[in-house]
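Structure, as structure tokens:
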Amino acid sequence: MTDLAWIDAALTSARPQAIGALLRYFRDLDTAEEAFQEACLRALRTWPAKGPPRDAASWLIMVGRNAALDGVRRKSRQTELPPEDAISDVDDVETPMAERLDGAHYRDDILRLMFICCHPELPATQQIALALRIVSGLSVKQIARAFLVGEAAMEQRITRAKARIAKAETPFETPGAVERSERIAAVAAMVYLLFNEGYSAGAAEAEARAPLCEEAIRLSRLLLRLFQMEPEIMGLVALMLLKHARAPARFDADGAIVLLEDQDRGLWDRQLIGEGLALIDKAIRHRKPGPYQVQAAIDALHARADRPEDTDWAQIDALYASLEILAPSPVVTLNRAVAVSKARGPGEALAMIEPLSAALGGYFYFFGARGAFLLQLGREAEARQAFDRAIALANTAAEASHIRLQIDRLTADAAARAVR
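Mapping of the sequence shown onto the numbering used here: position 161 corresponds to residue 184, and the numbering continues sequentially without gaps.
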């Protein structure tokens, strides 16, 4: 691994903890981010020669804090410097404020940072976008792709969120029990988007982005310890575990996507599957269905099928129908159409997704699914057009390669018919 590669991996891994601690020190999002960026620049200058520190996060926190304090002093040359306790916590272990929170439950700076970013002063979309930017360090472009919006629009959303927090003089403490319950939905959504950012990476990026999935699972387990009787958090953890269990089988040796029905199920992580199945079974017993539980139940049906042909597509269709009621969206309907194609045929599935063309006109998977349904129906010219559009919208080389295989199949079939 090159110097830049391991340094980038270390900085990415340490970011949430370091930003959380710096925010605890300075009570200002921009100051915390700037301090972390300055620490990263110093790491890039010193780590290649001296090697990595024993604890990268602690090093970044110390260097970032000192850099920010130096900046405060430089800006205050003409004025009296505020008291030290007004701009910084000097206790390197635990501040008195942290000790006042609910015991060990809230000593995790990352969780505290998540709750601050998901403050109810912000609209839900701004909460999630800001948390993804601050907690995980995702770029504006990456977050915009997750939300299916333009990059400029997402930049404005994040800027407005920061400004709103600053204007409201939001207290940078972890909320009490009532506020925690109110914010949990936004925090859960942010964690799942973080997981998807790692899970949706192509084969070339899968190893580098896997920590995002693992961090999302870690954070979700932390949430579950705090909300042990909340079935939706159980469903969230189960959903991510069941998806992550399939990671070893999702790409072939050449980095091409392997569809779920073609995956070697012997490569699936049975320990993660067992944990996920136990959690979703426990959540369902609460009889308080929610979107994460339904999605986890769908993945549980895939996990329980020893062979692709054993998959209960009719039940998956029914679960997606429930999800359309709980969390309606064009993407949910598109996913349901795949189940419908298996249970009732491609004709009905195609009819289901045709009204989605306007909403999903820039979505790779829409044209990939449409092309597959058209191909099954023998409408090859239309299928080729859909696949061409899918390639143009592909986010990764693996996605484009998968569609090209479909086009190659069309070409081979046409050549075979010409010979006959």
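Every residue gets a Cβ at the ideal spot worked out from N, C-alpha and C, and that includes glycine.
The shortest C-alpha to C-alpha distance from Leu357 to any of Ala372, Ser204 and Arg367 is the one to Ala372. Take the alpha-carbon of Ala413 and the one of Lys185: they are about 36 Å apart.
Between the beta-carbon of Gly43 and that of Leu136 there is about 4 Å, and that keeps the pair under the 8 Å contact cut. For Met375, the enclosing alpha helix (DSSP H) starts and ends at Pro369 to Ile376.
About 7 Å separates the beta carbons of Leu246 and Val210, which is inside the 8 Å limit, making them a contact pair. Cα atoms of Pro39 and Ile133: separation of roughly 6 Å, rounded to the nearest angstrom. Under DSSP, Phe274 takes part in a beta bridge, and its partners are Ile280. Of the residues assessed, Gly199 falls on the exposed side of the cut-off, its CB having fewer than 16 other CB atoms within 10 angstroms. With distances taken between CA atoms, Glu144 lies nearest to Ala189 out of Asp333, Ala33 and Ala189. Taking the C-beta atoms as reference points, Ala279 is found no nearer than 8 Å to Ala382.
When the Cα atoms are used, Ile166 and Arg156 turn out to be separated by approximately 8 Å. With respect to the C-alpha of Ala344, the residue from Asp277, Ile321 and Lys164 having the closest C-alpha is Ile321.
Here DSSP, grouped into helix, strand and coil, assigns Ala328 to coil. Judged by beta-carbon spacing, Ile307 lies beyond the 8 Å limit of Leu265, meaning their Cβ atoms are not closer than that value. Between the alpha carbons of Ala176 and Asp329 lies a gap of roughly 44 Å.
Counted as a single uninterrupted DSSP element, the alpha helix (DSSP H) harbouring Val214 occupies residues Ala200 to Tyr222. Here Ala362 really is in contact with Asp340; their C-beta atoms are around 4 Å apart, less than 8 Å. With a beta-carbon spacing of about 5 Å, Phe218 and Met263 fall inside the 8 Å limit used to define contacts.
In the three-state DSSP reduction, Arg50 falls in the coil class, being neither helix nor strand.
DSSP places Gln286 in the coil class of the three-state scheme, outside both helix and strand. Contact between Leu235 and Ser159 holds: their C-beta atoms lie close to 7 Å from each other, under 8 Å. The Cβ-Cβ distance between Leu346 and Ala326 does not fall below 8 Å.
For Ser352, the secondary structure class from DSSP, reduced to helix, strand or coil, is coil.
Closest in alpha carbon position to Leu216, among Asp335, Arg180, Phe250 and Ala169, is Ala169. Straight-line spacing of the CA atoms in Arg241 and Glu405 works out to 44 Å. In the displayed model, Thr35 falls within a helix according to three-state DSSP. Boundaries of the alpha helix (DSSP H) around Leu264: Pro254 to His267. Inter-residue distance for Ala374 and Trp336 is about 18 Å (C-alpha atoms, whole angstroms).
In the same chain as Lys305, and ignoring 5 residues on each side of it, the C-beta atoms closer than 7 Å to its own belong to Met257, in chain order. The beta carbon of Phe387 is closer than 7 Å to those of Ala413, Leu416, Ala417, Asn418 and Glu422 in its chain, skipping five residues each way along the sequence.
With 16 or more neighbouring CB atoms inside 10 Å of its own CB, Ser364 falls in the buried class. Cβ atoms of Pro271 and Asp292 come within 8 Å of each other, at about 7 Å. A straight-line Cα-Cα distance of about 33 Å links Tyr48 and Met252.
For the 8 Å CB-CB criterion, Ala58 and Ala91 form a contact.
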